[in-house]
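Worksheet: the structure to be examined is printed underneath.
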Amino acid sequence: MLPPHEGRGAASEGHAAPVVLHGSPPRRDHRDERAPSSLLRLAPIPVTPTKPLTPSHIKGLLWLDVLERATQLVRPVHYEVNRTTYDITWQTLEFWDWLGVSEVPCAEDEVSLGHRYVDYHCQRGEQPRVGAELLRARVENGYIHPASQRILEIWKRHYARLGLRDPGLTRATPLPLSQGGALEVLASAELLLDLRALGGGVYLDLTERGIAQRTLLDRDGRDNHLLCTIRQFAGLAAAGETIALLCDRELRHDTSLIEHCLRRLGGEVLSLSLGRVPLPEMSGSARHGGWERYTFDRLFEACGGCAAEEFRLGLRLYFIVGLGAGDAVPFSFELLVRFLKKARQLLAEPASGSRDAGLEQLRRLVRHRGFVDPYRLASLLLSPGPSRDLLPLLPEIFL
Amino acid sequence: MSPREPIVSPSSGSTPMSALDAMARRIDACRAFAGDAERAELAQLERDVQLALVLRSLDVAALVRGTIALCRALPVQLARRWVGNFTKCVVLVGEPRKLTRRFAFSQITDDGGAAWIGPASAADLESARRLLRPLQTRGRPSLHDATLAIDPPPAHEAVAMQWPPPAVLTLATEDVPLEEYLVSLLHTVAEGVLLGHLSGASAVALQHVPFIDYLSSSMPYARVRKGTSSDASLRICSTIAPHGPHVA
Chain A
0 MLPPHEGRGA ASEGHAAPVV LHGSPPRRDH RDERAPSSLL RLAPIPVTPT
50 KPLTPSHIKG LLWLDVLERA TQLVRPVHYE VNRTTYDITW QTLEFWDWLG
100 VSEVPCAEDE VSLGHRYVDY HCQRGEQPRV GAELLRARVE NGYIHPASQR
150 ILEIWKRHYA RLGLRDPGLT RATPLPLSQG GALEVLASAE LLLDLRALGG
200 GVYLDLTERG IAQRTLLDRD GRDNHLLCTI RQFAGLAAAG ETIALLCDRE
250 LRHDTSLIEH CLRRLGGEVL SLSLGRVPLP EMSGSARHGG WERYTFDRLF
300 EACGGCAAEE FRLGLRLYFI VGLGAGDAVP FSFELLVRFL KKARQLLAEP
350 ASGSRDAGLE QLRRLVRHRG FVDPYRLASL LLSPGPSRDL LPLLPEIFL
Chain B
0 MSPREPIVSP SSGSTPMSAL DAMARRIDAC RAFAGDAERA ELAQLERDVQ
50 LALVLRSLDV AALVRGTIAL CRALPVQLAR RWVGNFTKCV VLVGEPRKLT
100 RRFAFSQITD DGGAAWIGPA SAADLESARR LLRPLQTRGR PSLHDATLAI
150 DPPPAHEAVA MQWPPPAVLT LATEDVPLEE YLVSLLHTVA EGVLLGHLSG
200 ASAVALQHVP FIDYLSSSMP YARVRKGTSS DASLRICSTI APHGPHVA
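Those protein sequence lines, which keep their order, are chains A and B.
Just so you know, we're using numbering that gives the first Met the number 0 here: the first sequence kicks off at 0 and counts up by one.
Just so you know, we're using numbering that gives the first Met the number 0 here: the second sequence kicks off at 0 and counts up by one.
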C-alpha cells in the first residue's frame, strides 16, 4: 500500500480528510495579501494525565507541534497552557478522589495507572463523589494528584523522544475568571439562560441562532468543561485576541459552542478538530481500555533502531499525512514503518532549497487559514518541486 | 397526563365545547387500552396534540391567566383533540424574547418570562423540543397563594356558569418538583376551562397546600397521580372547587 501522498500533487487531499475548520476563516480584506501578523493564541484542549498516551493523543500532540512551530516562523504564536482548566473537571476530580480512597502507590508505570483509570470508569456510580467536591478548591489552586504527577513525569520523557517542546505540562495557575465572573460575562453578552432562581440549571443560550441549549451548570450546581474553558479564555476574547481552539473531533460540538461564545465576546476565533485514531482492540475513549499494544513505549519499540531525527520526522509525516485529520484510517505499524523510510530519504537529501522561499510558502499557508495547516505543509514536503524549499526548515518544524 | 392518571371529573351541564364529547373520547381511549389496535390508536392520540410552555422565570399568576386566555381562544376542534390527548404538555426552559422569530407563540406573558407554543401536533413541536431543554429542578421556589381576576368570559360561557366566582384552584406542593407542579397546573387550568369548570369564573383563587387529602362531592374536578416508587398509592395533585378551601 502506498502512502496517500505518493504520486499526487502538492497538498493533495488523498484519502485523509482535510482539516476541518469551523466558522469563518479570519476576516481579511481581499486586497490584503500579507499574512496576518497579530499574535495567535493556541488553545488546545489538553490530554488529562490520567491514562497513557495513545495514538490519538500522539496524533494531536504532533499536529499541534507542527502547527505551532511552522506558524511561529511567520506569525507570532503563544501557546496557552494551564493544567488547571481541565484538572478541575469533575471527571478528573472524581478519578483522583477515587484513587485517594484506593491508596494507589504512585510509583506505578503509565500502563498500571491507566488500568486504574479503566477500573474507575467500570466501577463509578451514578452519584457524584463527595470527596471530589472537597478536592475542587485545592485543584483550583494548583493541586495535582501524585498519580497524575507521575504520569506527567513519564510524559516529559515521551515528549523529549518525540522532539516536542514541553509547553508547560505541569504549569497550573488559577483561572483568570471565577465561575461567577464567567457567568456574569456570558450574561452580559446575552449568552446565558439562568434558571437557578427556580432550582434549575444554567444554560448556554444561542437559541436565537438555532443552536440547542447546552448545560453549563446543572441543577446541582456542577459545572462542566465548557464553563472551565470559558473561564480560561473569555478575558482574552473580550480583549479582541485571536484564539485558535484545537480539539478532539468528539468534542467538536462543544468546541463550536465555545467558539460562538468567544466570538460574541469580541475575539477572533479559529478552530481545528482532529479525529481519533481507530485501534483494532479499542473502541471509544481511553477510559474503556484496549490501548495496551499501542502505548508510546510500544510504538517506540516498533520503530526500534531508527535514529532520533528519523523517528521524529517519520512519526510526524505518518500521523499528519498518513492518518490525516479525520478518523477513517486505522492505526497501522506497517504504514508507520513506510513513513519512517520516507523520512530517512528526506533527511538524506541536501537542504539545497531557499529558506526564504520556504518561509514564503508558510506565509501563503497562514494567509489561507490564519495558521499553517499541518496536513497541507506535510503534503507539500512530500511533493516534488517546491518542497525543496521547505527542506532548510525541516529542523525548525519537524525534528 | 398518562392514561394511568385519570381525571376524576363528574362534569355535568352544557359547555361551549361540549365537555362530555371530549370526555367521552378520552374514556373510549382508556377503555381501548387493552387491545393492540386500540393501543395503537391511543399511541397515535398521545403523539398528536400537545402544548409546550417555554419558561424563563416563574410568575404563577401570569401562567394561570395565560393558560386561561389560550384555552378560551382555542378552536373547538383543536381543543377536542387536545383534551382527547389528556391535555398533554411539556415544560421547556428558554428565553421567549430570543425565540419570537422561530416559533409562533400562542401566548406570551407581559414580562416575557413565559410563552406557550401550541397546542399543536407533536411534529410541530419537535423543533422546540430539540432546541430547548426540559425544565429540571432541585428544591422548589416559594409559591404564593393569590386571587386572580381574569378577563370576563364570553357571554355564552357566562350562561353556562355553574357557581358564583371565584373558583378555588388548589394544588398540592409537598415533594412535588417544580416541573411536575407546572404540568399539574397547566392540566388543571386547561381542563378547568375546556371542560367548563372555570368557564364562568371571573376570578380564580389559587391555593397551595402540602397535601390534598379531602375530596367533596361539590368539587367538579380533581387530578390524581401515582405516588413515588416506594409509595405507589394515588395522590391528589389538584382540585377545582366552587367555594373556599376544601382541604383538611
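Every residue, glycine too, gets a C-beta built ideally from N, C-alpha and C.
From a predicted model like this one, the values you see are computed outputs, not experimental measurements.
For this session: Identify every residue that forms a DSSP beta bridge with E190 of chain B.
Result: None; E190 of chain B has no bridge partner.
Exercise. Whole-angstrom Cβ separation of F299 of chain A and P51 of chain A, contact assumed at under 8 Å?
Worked result: Not quite, the Cβ-Cβ distance comes to about 12 Å (not below 8 Å), so this is no contact.
Problem set entry | the stretch 150 to 168 of chain A touching the stretch 54 to 66 of chain A, judged by at least three CB pairs closer than 8 Å | yes
Exercise. Counting contacts by CB-CB distance shorter than 7 Å, is G369 of chain A in contact with chain B?
Worked result: So, not an interface residue.
Problem set entry | Beta-carbon neighbours of Q212 of chain A, restricted to chain B and to distances below 8 Å | V92, G93, L130, L131, R132
Exercise. Under a three-way DSSP split, which group does T49 of chain A fall into?
Worked result: coil
Exercise. By DSSP, does W115 of chain B sit in helix, in strand, or in coil?
Worked result: Strand at W115 of chain B.
Problem set entry | C-beta neighbour in chain A for L177 of chain B, strict 7 Å | Cβ-Cβ to chain A under 7 Å: yes for L177 of chain B.
Exercise. Can you find a C-beta in chain B that's less than 7 Å from the C-beta of E107 of chain A?
Worked result: Under the 7 Å criterion on CB atoms, E107 of chain A is classed as non-interfacial with respect to chain B.
Problem set entry | Where V223 of chain B sits in the DSSP three-state scheme | strand
For this session: Quick one: grab the DSSP three-state call for Q212 of chain A.
Result: In this structure, Q212 of chain A counts as coil in the three-state DSSP scheme.
For this session: In angstroms with no decimal places, state the Cα-to-Cα distance between A221 of chain B and P241 of chain B.
Result: Rounded to the nearest whole angstrom, the CA to CA distance from A221 of chain B to P241 of chain B is 12 Å.
For this session: Find the residues of chain B that neighbour A196 of chain A, judging by a C-beta separation of less than 9 Å, and give them in chain order.
Result: Ordered by position in chain B, the residues that pass the 9 Å Cβ test against A196 of chain A are S56, L57, P140.
Problem set entry | Length of the line joining the Cα atoms of E125 of chain B and I210 of chain A | 14 Å
For this session: Kindly list, in the order they appear in chain A, the residues whose Cβ is closer than 9 Å to that of L124 of chain B.
Result: Under the 9 Å cutoff, chain A gives no residues; its nearest Cβ is about 15 Å from L124 of chain B.
For this session: Could you tell me whether the stretch 196 to 210 of chain A touches the stretch 278 to 290 of chain A, using the rule of 3 or more Cβ pairs below 8 Å?
Result: No, the stretch 196 to 210 of chain A is not in contact with the stretch 278 to 290 of chain A.
Exercise. If you drop the 5 nearest sequence neighbours on each side, which residues of the same chain put their C-beta closer than 6 Å to that of L233 of chain B?
Worked result: V223
Exercise. Can you round the beta-carbon distance between L185 of chain A and C260 of chain A to whole angstroms, since I take them to be within the 8 Å contact cut?
Worked result: At roughly 7 Å, the Cβ-Cβ gap stays under 8 Å, so L185 of chain A and C260 of chain A are in contact.
For this session: Starting from the beta carbon of D222 of chain A, find every residue of chain B whose beta carbon is closer than 9 Å, and list them in chain order.
Result: Simply none; closest approach about 15 Å.
Problem set entry | Burial state of T254 of chain A (16 or more Cβ within 10 Å) | buried
Problem set entry | Pick from B:S215, B:L205, B:R129 that is closest to P165 of chain B, judged by C-alpha positions | B:L205
Exercise. Pick from A:P48, A:V73, A:H77: whose alpha carbon is nearest that of T241 of chain A?
Worked result: Comparing Cα positions, the closest option is A:H77.
Exercise. Of all the options A:A196, A:R164, A:L203, A:L161, which has the alpha carbon lying nearest to the alpha carbon of A181 of chain A?
Worked result: The residue with the shortest Cα to Cα distance from A181 of chain A is A:L203.
For this session: Could you tell me which chain A residues have their CB closer than 8 Å to the CB of H136 of chain B, listed as they occur along the chain?
Result: Note that residue 136 of chain B is Thr in the sequence shown here, rather than His. Residues of chain A passing the Cβ test: L194, L197, G198, G199, R218.
For this session: Enumerate in chain order the residues of its own chain whose CB-to-CB distance from Y85 of chain A is below 6 Å, with the five nearest sequence positions on each side excluded.
Result: P45, T47
Exercise. In the structure shown, what three-state DSSP assignment does Q71 of chain A receive?
Worked result: coil
Problem set entry | Limits of the unbroken alpha helix (DSSP H) element including H252 of chain A | 251 to 264
Exercise. In the stretch 223 to 242 of chain B, which residues sit with their C-beta less than 8 Å from some C-beta in chain A, listed in chain order?
Worked result: none
Exercise. Which ranges would you report for the alpha helix (DSSP H) in the stretch 105 to 150 of chain A if only whole runs of at least 4 residues count?
Worked result: 109 to 122, 129 to 139
Exercise. Excluding five sequence neighbours on each side, which residues of the same chain lie with their C-beta closer than 7 Å to the C-beta of I87 of chain A?
Worked result: R135, V138, E139, C227
Problem set entry | Close Cβ partners of G399 of chain A (< 6 Å) along its chain, the five nearest in sequence each way excluded | A query on residue 399 of chain A cannot be resolved here, the shown segment of chain A reaching from 0 to 398 and no further.
For this session: For S237 of chain B, name the three-state secondary structure that DSSP assigns.
Result: Residue state, collapsed to three classes: strand.
Exercise. Among B:F104, B:L177, B:P74, B:A148, which one has its Cα closest to the Cα of S142 of chain B?
Worked result: A quick correction: the sequence has Leu, not Ser, at residue 142 of chain B. It is B:L177 whose Cα lies nearest to the Cα of L142 of chain B.
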